[in-house]
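Novice: I'd like to ask you about the structure that follows.
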Amino acid sequence: MRPELRHLPNLITVCRILLVPPTLWLIAVGDFGAALACFVVAGVSDALDGALAKGFGWTSRLGGILDPIADKLLLVGCYLVLGWNHELPRWLVALVLLRDVVIVAGALAYHWLIEALQPTPSRISKVNTLMQLVMVFAVLVSHGIWSVPPALLRALVLATAFTTLWSGLDYVLAWSARARAYRGPRRD
28 MRPELRHLPN LITVCRILLV PPTLWLIAVG DFGAALACFV VAGVSDALDG
78 ALAKGFGWTS RLGGILDPIA DKLLLVGCYL VLGWNHELPR WLVALVLLRD
128 VVIVAGALAY HWLIEALQPT PSRISKVNTL MQLVMVFAVL VSHGIWSVPP
178 ALLRALVLAT AFTTLWSGLD YVLAWSARAR AYRGPRRD
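If you read the sequence shown in the numbering used here, its first letter stands for residue 28, the second for the next number, and so on.
The following block contains the structure:
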């Protein structure tokens with residue numbers, strides 16, 4: 028097997044990162060059908076690079092860094108642009124951003140003050156990411172190819188808000204408990 032193939036998942040991830048600006052631009056100018064196509068390609072590429080990395084053992088430290096960055100760039104970017112265009116409630120956008128800021132600030136504090144952080148997403152965090160993705164997908168579908176019933180969109184907004192709050196609280200409680208229970212040497 029050619030050694031270059033092991034870098035394929037990272038190449039796919041870089042391509043996904045490069046898809047973020049055109050996706051956001053298409054949303055901003057109201058070309059929701061094309062934005063939906065880019066969003067779907069990004070989702071498929073995320074699944075593909077993950078399957079290749081895990082299936083063939085082509086994981087790498089770089090991939091472990093790039094993959095979540097690509098995911099966050101796409102999701103946060105979509106939420107910001109959809110909120111700016113009044114396609115999502117601004118309070119939901121603020122909640123999604125606040126959750127991410129709290130998690131990153133807490134992770135950095137834990138890493139600097141306690142010990143090196145080995146992040147592992149909780150089950151509710153994975154559910155929340157799925158809800159956030161479904162929310163963006165539903166808005167893009169609704170404006171791009173098929174009208175999603177307003178009641179369904181409202182239900183998705185509420186479900187996304189609920190899982191966002193639950194996930195953020197779960198991280199704060201879990202990592203606070205872990206910090207209190209830590210008995211090793213603390214970083215100075």
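C-beta: ideal position from N, C-alpha, C; glycine also.
Please read all numbers here as calculations on a predicted model, not as lab measurements.
Where does the unbroken alpha helix (DSSP H) through T40 begin, and where does it stop?
Specialist: Start at 1 with the first residue of the sequence shown, and residue 40 comes out as number 13. It spans 35 to 55 - the alpha helix (DSSP H) in which T40 sits, taken as one unbroken run.
Novice: Going by other Cβ atoms of all chains shown within 10 Å of its Cβ, with 16 needed for buried, is A36 buried or exposed?
Specialist: Residue numbering aside, residue 36 sits at position 9 when the sequence shown is read from its first letter. Checking the displayed sequence, the identity of residue 36 turns out to be Pro instead of Ala. Per the 10 Å Cβ criterion, buried.
Novice: What three-state label does DSSP hand G84 in the structure shown?
Specialist: Along the sequence shown, read from residue 1 onward, the residue named residue 84 stands at position 57. Reduced to three states, the DSSP call for G84 is coil.
Novice: Can you name, in chain order, every residue of its own chain whose Cβ lies under 7 Å from the Cβ of R33, other than the five neighbours on each side?
Specialist: In the sequence shown, the residue the question calls residue 33 occupies position 6. If we look at R33 and ignore the five residues flanking it on each side, its Cβ neighbours are W85.
Novice: Look up Y209 in the DSSP assignment and say whether it is helix, strand or coil.
Specialist: Within the sequence shown, residue 209 is the residue found at index 182, counting from 1. Coil at Y209, not helix or strand.
Novice: Considering only the alpha carbon of each residue, which of F59, V41, I54, T40 lies closest to S174?
Specialist: Numbered from 1 along the sequence shown, position 147 holds the residue referred to as residue 174. Closest by alpha carbon: F59.
Novice: Judging by CA-CA distance, which residue of G91, A204, L63 is the nearest neighbour of D76?
Specialist: Numbered from 1 along the sequence shown, position 49 holds the residue referred to as residue 76. Here the closest residue by C-alpha is G91.
Novice: Apart from the five residues on each side of it in sequence, which residues of its chain come closer than 7 Å, Cβ to Cβ, to S203?
Specialist: As a first step, residue 203 must be located in the sequence shown, where it is residue number 176. Within the same chain, S203 has no close Cβ partners at all.
Novice: Tell me whether the beta-carbon of D98 lies closer than 8 Å to the beta-carbon of S149.
Specialist: As a position in the sequence shown, residue 98 is number 71, starting the count at 1. As a position in the sequence shown, residue 149 is number 122, starting the count at 1. No, the pair does not count as a contact, with Cβ atoms beyond the cut-off.
Novice: If you drop the 5 nearest sequence neighbours on each side, which residues of the same chain put their C-beta closer than 6 Å to that of L183?
Specialist: Position 156 of the sequence shown, counted from the first residue, corresponds to residue 183. Closer than 6 Å at Cβ, skipping near neighbours: M162, A165.
Novice: For I96, which three-state DSSP category applies?
Specialist: The residue given as residue 96 occupies position 69 in the sequence shown. Here I96 sits in helix by DSSP.
Novice: Evaluate the contact criterion for the stretch 41 to 58 versus the stretch 103 to 119: three or more CB pairs, one atom per stretch, below 8 Å.
Specialist: These segments touch.
Novice: Any idea what DSSP makes of D127, helix, strand or coil?
Specialist: For the purposes of this step, residue 127 is taken as residue 100 along the sequence shown, with counting starting at 1. DSSP places D127 in helix when its eight states are reduced to three.
Novice: Output the boundary residues of the alpha helix (DSSP H) element that contains T23.
Specialist: What the structure shows of the chain is the stretch from 28 to 215, and residue 23 is not part of that stretch, so it cannot be assessed.
Novice: With DSSP as the reference, label S203 as helix, strand or coil.
Specialist: Here residue 203 refers to the residue found at position 176 when the sequence shown is read from its first residue. Note: S203 maps to helix in three-state DSSP.
Novice: Let's test the definition: count the other Cβ atoms within 10 Å of the Cβ of L79 and tell me whether it reaches 16, buried, or not, exposed.
Specialist: Walking along the sequence shown from the start, residue 79 turns up at place 52. It counts as buried.
Novice: Determine the direct distance from the alpha carbon of L38 to that of M28, and round the result to whole angstroms.
Specialist: Working through the sequence shown from its first residue, we reach residue 28 at position 1. Working through the sequence shown from its first residue, we reach residue 38 at position 11. In this predicted model, M28 has a pLDDT of only 49, less than 50, meaning its place in the structure is not dependable enough to derive any value.
Novice: Whole angstroms are fine: how far does the CA of G70 sit from the CA of L167?
Specialist: Counting from 1 along the sequence shown, the entry for residue 167 is found at position 140. Counting from 1 along the sequence shown, the entry for residue 70 is found at position 43. Taking the straight line joining both Cα atoms gives about 14 Å.
Novice: Less than 8 Å between the CB atoms is what I'm expecting for I44 and L100, so what's the real figure, rounded?
Specialist: Taking the first residue of the sequence shown as position 1, residue 44 is located at position 17. Taking the first residue of the sequence shown as position 1, residue 100 is located at position 73. Right, their Cβ atoms sit about 6 Å apart.
Novice: How long is the line joining the alpha carbons of Y137 and A206, rounded to whole angstroms?
Specialist: Counting from 1 along the sequence shown, the entry for residue 137 is found at position 110. Counting from 1 along the sequence shown, the entry for residue 206 is found at position 179. The alpha-carbon atoms of Y137 and A206 are separated by roughly 7 Å.
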